[in-house]
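Residue numbers (this note's numbering): 157 to 224.
Step one of this worksheet: look at the structure below.
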Amino acid sequence: MYVCICKGITEKQIQEAVTSRTSNNPKDVLKALGIGSDCGTCVEDAIKTLLEQNARTPIEMKDSSNNS
Ligand code: FES
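The following block contains the structure:
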């Protein structure tokens, strides 16, 4: 199922990005996929999908700009 119509990003692609751990920061995952870079209506659903997948595949969900 498509989450981001503008970029043609599916729920599965988000799940795979979380599973592959391309980043520990959810914002980076969305940015890498281009989610929300056009109309932005997909961001809420994309974050929900990302958090659901993260619950199944725990990663450290911290802001990478806060390295303290
Ligand atoms: S649907 Fe994702 S930016 Fe428009």
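Here a beta-carbon is modelled for each residue, glycine too, at the ideal position from N, C-alpha and C.
Item	Value
Going by DSSP, name the residue or residues bridged to T175.	Answer by DSSP bridge pairing: none, since T175 is not bridged.
With DSSP as the reference, label I165 as helix, strand or coil.	strand
Sort out for me which residues DSSP pairs C195 with in a bridge.	Answer is none; C195 lacks a bridge partner.
Looking only at its chain, what residues have a beta carbon closer than 6 Å to the beta carbon of D194, apart from the 5 residues adjacent to it on each side?	C162
Rounded C-beta distance between I170 and Q209? I'm assuming under 8 Å.	7 Å
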